[in-house]
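Enquirer: A single structure is presented below for examination.
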Amino acid sequence: MATSLFCFAYADQGTATFYTPPYVPSACYGFQNYGVMIAAASDVIYGNKAPCGRRYSVTCTGATNKGVPHPCTGQSVVVTVVDYCPPGCRGTIDLSQEAFALIANPDAGKVNIEFQE
1 MATSLFCFAY
11 ADQGTATFYT
21 PPYVPSACYG
31 FQNYGVMIAA
41 ASDVIYGNKA
51 PCGRRYSVTC
61 TGATNKGVPH
71 PCTGQSVVVT
81 VVDYCPPGCR
91 GTIDLSQEAF
101 ALIANPDAGK
111 VNIEFQE
C-alpha cells in the first residue's frame with residue numbers, strides 16, 4: 001500500500017506597484033531602517049497593522065497593461081511589510097523600487113502577482 005503526502009501552498013493573487021526612496025519613516029516602524037527588500041500593504045491586506053513585519057514571497061504573473069506586454073523577469077522576491085499604502089493605492093502590495101525591479105520591468109509600473117506568506 002503506497003501512501004502519498006501532498007503539500008499544497010496557496011498563493012493569493014493581486015497587483016504590485018512600487019514606490020521610491022526615502023523608505024523611512026514607515027507606518028509600522030517609524031525611522032527604523034529595514035533595508036530595501038520591503039513593501040507597503042494596501043487595505044486589502046493591511047487590517048490595522050496586522051501584516052507589519054510579515055514576510056511575503058511575491059512573483060510577477062503578467063502584465064496589467066499593453067505598454068510592457070511581458071514585464072516579468074521570472075524571479076520571485078521576499079519582502080518585509082514595513083509600511084501602509086493608503087486608500088487610492090494602485091496595487092495590493094506596493095514594493096520598494098528595488099524589490100519590484102527583481103520581479104518585473106519597472107517601466108510596467110504595475111503588474112499582476114501571486115503572493116504568499
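The opening position of the sequence shown corresponds to residue 1 in the UniProt record's numbering, with each subsequent residue numbered one higher. Every residue, glycine too, gets a C-beta built ideally from N, C-alpha and C.
#1: Return helix, strand or coil for residue 50, following the three-state DSSP convention.
#2: Would you mind sorting residue 113 into buried or exposed? The rule is 16 or more other CB atoms within 10 Å of its CB.
#3: Hey, how far is the Cα of residue 98 from the Cα of residue 21?
#4: Where residue 89 and residue 81 are concerned, what is the direct C-alpha to C-alpha distance, given to the nearest angstrom?
#5: Taking a contact to mean a Cβ-Cβ separation below 8 Å, would you say residue 94 touches residue 42 in this structure?
Expert: For this structure:
#1: coil
#2: buried
#3: 10 Å
#4: 15 Å
#5: yes
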